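Trainee:
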Amino acid sequence: MRLVDLIPAYRLLASGVLLAALAWQVQDWRYGQQLEQQARLQAETLNQLTQAAATQQHAEQDKRLALEQWLSASEQTHYRVLSDAQRDQGRLRHRLATAVAGGDSVSAPHHQRRGSWRHKSPT
1 MRLVDLIPAY
11 RLLASGVLLA
21 ALAWQVQDWR
31 YGQQLEQQAR
41 LQAETLNQLT
51 QAAATQQHAE
61 QDKRLALEQW
71 LSASEQTHYR
81 VLSDAQRDQG
91 RLRHRLATAV
101 AGGDSVSAPH
111 HQRRGSWRHK
121 SPT
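UniProt numbering puts the first residue of the sequence shown at 1, with every later residue one more than the last.
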């Protein structure tokens, strides 16, 4: 009599099913750990990319703010120069009109005479 003959067939079948279920559970556990690790790595990578993008966006915003401030200062300077020139032109026009009406001769101020704006050559 052999050992296999003593064990009924249904017990062998039940043992095989139990071993298969156990192997299935072990594989499920192993793959579950691998998936968790992949998900964690992916989340860390996504977090790093998000932080890098936020840092870059902040740097670009700082650059834009600096440029806007520079443009504003430049615009104010040019506006002031234009306003001063228009005011001076108005004064000269008024002075010319009152001088011509009074019969006086009008001479231009020294800085407005012909050639006063030219640079002298270094020779």
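Every residue gets a Cβ at the ideal spot worked out from N, C-alpha and C, and that includes glycine. What you are looking at is a predicted structure, and each value in this text was computed from that prediction instead of being measured.
Pull up the distance between the alpha-carbon of A39 and that of Q76, whole angstroms please.
Mentor: 55 Å
Trainee: Please list the segments of the beta strand (DSSP E) lying wholly inside the region 10–94, counting only runs of 3 or more residues, in order along the chain.
Mentor: none
Trainee: Whole angstroms are fine: how far does the CA of W70 sit from the CA of T98?
Mentor: 42 Å
Trainee: If you draw a straight line from the C-alpha of K63 to the C-alpha of S72, how long is it?
Mentor: About 14 Å.
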